[in-house]
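Trainee:
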Amino acid sequence: MKQKFRDILLYLFVLVSSLCSAQEADIERLKLHLKNSKQDTTRLVLLLQLSEICKTSEIISYAEPAIKLADELLAKTSGTTTTYLLKKKAIAINNVAYQYTNLGNISKGLAYYDKGLKIQQQINDKYGMARSFNDIGYIYNEQGDLNNALIYYTKALKIREAINDTQGVAQSFINIGTNYLDQNNKAKALECFLKSLKLHETIGDKLGIAHSLNNLGLIYKKNDRAKALDCYTKSLKILYEIGSVEGILNCYNNLGAIYFNEKKFSMAFAYCDSSLILSKRLGLPDNIKNAERALYKIDSAINNTKGAFEHYKLYILYRDSINNEDTRKASIKSQLKYEFEKKEAVIKEQQEKERVVAEEKNRFQKIIIASVLAGLILVIVFALFVFRSLKITRHQKIIIEEKHKEILDSIHYAKRIQTSLLPTEKYIDKNLRR
């Protein structure tokens, strides 16, 4: 058994070394390509690739230039190219969000995720939206806000179901199942993990199958250790096949706990010791602490006082070291949060000033528009009044002229009659001379 574990650990050491070397080689290759590339769209893709595979502490150094470059390209492009660039910009923003949340600046991380999500909603990027909802859900879950986490996980699930993203749906069921497990709702957690396993098997996703089996082991470990052991063993076999070091480490811890509870201390020690060696190789203090604690409990159970004391000392050493580191990180987190909130307060104050100015400007514009409209209405009313007056005057003038004409016609007519009836002067004069 010991020889078997030594062989496995040797294989894992070689695997870890080769993976690290391959990743470092990829980073150097991408850096060189970035240095020599002249085309902006190519540079944008390279910056995003580097932000995906670099150390967490270096993400922003690649993601922020990617955001800036995307903005520059967006300023001079249109059409389908705009959608492509916005999608890339959203990815870069989400990568920045990941670094901030990893540093403990949760509020700033969520603010960046919200920015990225708005862009994805703008261009209807369903895959991106689902990923953002999932990441936000994970943050809330880690913070212990299980209700909000479930809301965002469910949003991601619904989108993935709508676009037939089977792998995404399976992952969402794992996340939702983990959330239910954290709520101690094992029935719903089991339902989700079984759905996840079935979907991963359908598409042949070995890593997904291994994770689903491991999660099922977490459900069974208290009430059905035989089932739990079967799930962990099957999961470990797959993880060996695909070379998932972190998955193997997690399985070692779970198998060690199962064998300890079964009082199979030699098997428990073998898995926990392998976990310790691998954790040291990977440089994972929290895992080292947990492995030392497990080994201390095993040695205590078999009355190995010396071994138990050594492991206990190392457990305390790592625990205190991690606590100090956690305290330091908490201090940094508080400082970052304070600075962020201070900046947010300044931004909000500026926004409030701009809002007041905008409202005043809007009010003034409304007054001007109302005044102009009132003036126009008065002009129209006055014009109608003048038009009506002119119309009446013209009508009256026509009537007067017609009456005047009638009077004149009457006078002329009377005069003609009078003239026809009266004798002429010549006629009178002639008769007088007689």
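So the sequence shown is residues 3 to 436, counted in my numbering.
By construction, the Cβ of each residue, glycine as well, lies at the ideal position given by its N, Cα and C atoms.
Rounded to whole angstroms, what is the Cα-Cα separation between Asp232 and Gly219?
Mentor: In the sequence shown, residue 232 corresponds to position 230, counting from 1. In the sequence shown, residue 219 corresponds to position 217, counting from 1. Taking the straight line joining both Cα atoms gives about 8 Å.
Trainee: CB-CB under 6 Å to Phe271, same chain, minus the five flanking residues each way: which ones, in chain order?
Mentor: The count along the sequence shown starts at 1 and reaches residue 271 at position 269. Ile300.
Trainee: Skipping 5 residues on each side, what residues in its chain have a beta carbon closer than 6 Å to that of Leu215?
Mentor: For the purposes of this step, residue 215 is taken as the residue at position 213 of the sequence shown. Cβ within range, chain order: Cys233, Lys236, Ser237.
Trainee: Looking only at its own chain, which residues have a Cβ that is under 8 Å from the Cβ of Asp455, when we skip the five neighbours before and after it?
Mentor: Residue 455 lies beyond the residue range present for the chain, which begins at 3 and ends at 436; the question has no answer from this structure.
Trainee: Report the residue ranges of all alpha helix (DSSP H) runs contained in full by the stretch 223-292; include only those spanning at least 4 residues, in chain order.
Mentor: Complete alpha helix (DSSP H) runs here, min 4: 227-244, 247-263, 267-284.
Trainee: State yes or no: is the C-beta of Ala99 within less than 7 Å of the C-beta of Ile69?
Mentor: Translated into the one-based positions of the sequence shown, residue 99 becomes position 97. Translated into the one-based positions of the sequence shown, residue 69 becomes position 67. No. Outside cutoff.
Trainee: Measure the CB-CB distance between Ala191 and Gly179 and report whether it falls below 7 Å.
Mentor: The residue you call residue 191 lines up with position 189 of the sequence shown. The residue you call residue 179 lines up with position 177 of the sequence shown. Going by C-beta atoms, Ala191 is nearer than 7 Å to Gly179.
Trainee: Ala65 and Asn97 - do their beta-carbons sit closer together than 7 Å?
Mentor: On the sequence shown, residue 97 is found 95 positions in, with the first residue counted as 1. On the sequence shown, residue 65 is found 63 positions in, with the first residue counted as 1. For Asn97 and Ala65, yes; Cβs fall inside 7 Å.
Trainee: Taking buried to mean at least 16 other C-beta atoms within 10 Å of its own C-beta, is Glu294 buried or exposed?
Mentor: For the purposes of this step, residue 294 is taken as residue 292 along the sequence shown, with counting starting at 1. The residue in question, Glu294, is buried, as its Cβ has 16 or more Cβ neighbours within 10 Å.
Trainee: Using a Cβ-Cβ cut-off of 6 Å (strictly less than) and excluding sequence neighbours within five positions of Lys197, which residues of its own chain qualify?
Mentor: As a first step, residue 197 is located in the sequence shown; it is residue number 195 there, counting from the start. The answer, listed in chain order, is Phe175.
Trainee: Please determine, among Tyr102, Arg162, Lys89, Ile138, the residue with the shortest C-alpha to C-alpha distance to Gln438.
Mentor: Past the edges of the chain, shown from 3 to 436, lies residue 438, and the structure says nothing about it.
Trainee: Rounded C-beta distance between Tyr102 and Tyr114? I'm assuming under 8 Å.
Mentor: Numbered from 1 along the sequence shown, position 100 holds the residue referred to as residue 102. Numbered from 1 along the sequence shown, position 112 holds the residue referred to as residue 114. So it is a contact: roughly 6 Å between Cβ atoms.
Trainee: For Leu36, which residues in the same chain have their Cβ closer than 8 Å to its Cβ, ignoring the five residues on either side in sequence?
Mentor: Here residue 36 corresponds to residue number 34 of the sequence shown, with the count starting at 1. Once the five neighbours on either side are set aside, the close Cβ partners of Leu36 are Arg45, Leu48, Leu49, Leu52.
Trainee: Please name the residue, chosen from Arg283, Met131, Asn187, that lies closest to Leu148 on a Cα-to-Cα basis.
Mentor: Locating residue 148 in the sequence shown gives position 146, counting from the first residue. Ranking Arg283, Met131, Asn187 by Cα distance to Leu148 puts Asn187 first.
Trainee: In the structure shown, what three-state DSSP assignment does Ile53 receive?
Mentor: Along the sequence shown, one-based indexing puts residue 53 at 51. This sequence places Ser at residue 53; Ile is not what is there. Residue state, collapsed to three classes: helix.
Trainee: What do you get for Lys110, buried or exposed, if any count of 16 or more other CB atoms within 10 angstroms of its CB means buried?
Mentor: Locating residue 110 in the sequence shown gives position 108, counting from the first residue. Lys110 should be labelled buried.
Trainee: Which parts of the stretch 120-153 are runs of the alpha helix (DSSP H), unbroken and 4 residues or longer, counting only runs that do not cross its ends?
Mentor: As far as the stretch 120-153 is concerned, its whole alpha helix (DSSP H) runs of at least 4 residues are 128-144.
Trainee: Within 10 angstroms of its Cβ, does Lys57 collect 16 or more other Cβ (buried), or is it exposed?
Mentor: Here residue 57 is taken as the residue at index 55 of the sequence shown, counted from 1. Exposed.
Trainee: Quick check on Asn96: does DSSP put it in helix, strand or coil?
Mentor: On the sequence shown, position 94 is the one that residue 96 refers to. Correct three-state label for Asn96: helix.
Trainee: Comparing alpha-carbon positions, which option in Asn150, Leu201, Gln145 lies nearest Val171?
Mentor: Here residue 171 corresponds to residue number 169 of the sequence shown, with the count starting at 1. Nearest option by C-alpha distance: Leu201.
Trainee: Check whether the stretch 246-255 and the stretch 221-232 are in contact - that is, three or more C-beta pairs closer than 8 Å.
Mentor: Segments in contact, no.
Trainee: Between which two residues does the alpha helix (DSSP H) harbouring Thr79 extend?
Mentor: As a working mapping, residue 79 is identified with position 77 in the sequence shown. Per DSSP, Thr79 belongs to no alpha helix (DSSP H) and is neither H nor E.
Trainee: Could you tell me whether the Cβ of Cys253 comes closer than 7 Å to any Cβ of chain B?
Mentor: In the structure shown, chain B cannot be found, because there is only a single protein chain.
Trainee: DSSP on Ser214, reduced to helix/strand/coil?
Mentor: Counting from one through the sequence shown, the residue named residue 214 turns up at place 212. Residue state, collapsed to three classes: helix.
Trainee: Distance check for Lys265 and Asn305, CA to CA, integer angstroms please.
Mentor: Residue numbering aside, residue 305 sits at position 303 when the sequence shown is read from its first letter. Residue numbering aside, residue 265 sits at position 263 when the sequence shown is read from its first letter. Approximately 13 Å, taken between the alpha carbons.
Trainee: Tyr154 and Ile138 - do their beta-carbons sit closer together than 7 Å?
Mentor: Working through the sequence shown from its first residue, we reach residue 138 at position 136. Working through the sequence shown from its first residue, we reach residue 154 at position 152. Yes, the Cβ-Cβ distance between Ile138 and Tyr154 is below 7 Å.
Trainee: Out of curiosity, what's the CA-to-CA distance linking Arg133 and Ala158?
Mentor: As a working mapping, residue 133 is identified with position 131 in the sequence shown. As a working mapping, residue 158 is identified with position 156 in the sequence shown. In a straight line, the C-alpha of Arg133 is about 7 Å away from that of Ala158.
Trainee: Have a look at Lys208 and Glu356 and give me their C-alpha separation to the nearest angstrom.
Mentor: Position 206 of the sequence shown holds residue 208. Position 354 of the sequence shown holds residue 356. Going from the Cα of Lys208 to the Cα of Glu356 covers about 55 Å.
Trainee: Please classify Asp275 as buried or exposed, where buried requires at least 16 neighbouring CB atoms within 10 angstroms.
Mentor: Working through the sequence shown from its first residue, we reach residue 275 at position 273. The residue is buried, with at least 16 neighbouring Cβ atoms inside 10 Å.
Trainee: Cα-Cα, which of Cys253, Met269, Ser302, Ile324 is closest to Gly285?
Mentor: Residue mapping note: residue 285 aligns to position 283 of the sequence shown, counting from 1. Comparing Cα positions, the closest option is Ile324.
Trainee: Below 7 Å CB to CB, which residues in the same chain sit around Gln287 once its five sequence neighbours on both sides are set aside?
Mentor: As a first step, residue 287 is located in the sequence shown; it is residue number 285 there, counting from the start. Strictly speaking, residue 287 in this sequence is Pro, with Gln absent from that position. Answer for Pro287: Tyr320, Ser323, Ile324, listed in chain order.
Trainee: Please identify the residue among Asn255, Lys40, Gln145 whose C-alpha is closest to the C-alpha of Gly71.
Mentor: One-based indexing of the sequence shown puts residue 71 at position 69. For the sequence presented, residue 71 should be read as Leu rather than Gly. Checked all of Asn255, Lys40, Gln145; the closest Cα to Leu71 is Lys40.
Trainee: For the alpha helix (DSSP H) holding Asp454, just list the boundary residues, first then last.
Mentor: In the structure displayed, the chain extends from 3 to 436; residue 454 sits before or after that span and is not available.
Trainee: Kindly indicate the opening and closing residues of the alpha helix (DSSP H) around Ser198.
Mentor: Mapped onto the sequence shown, residue 198 falls at position 196. Its alpha helix (DSSP H) spans residues 188-205.
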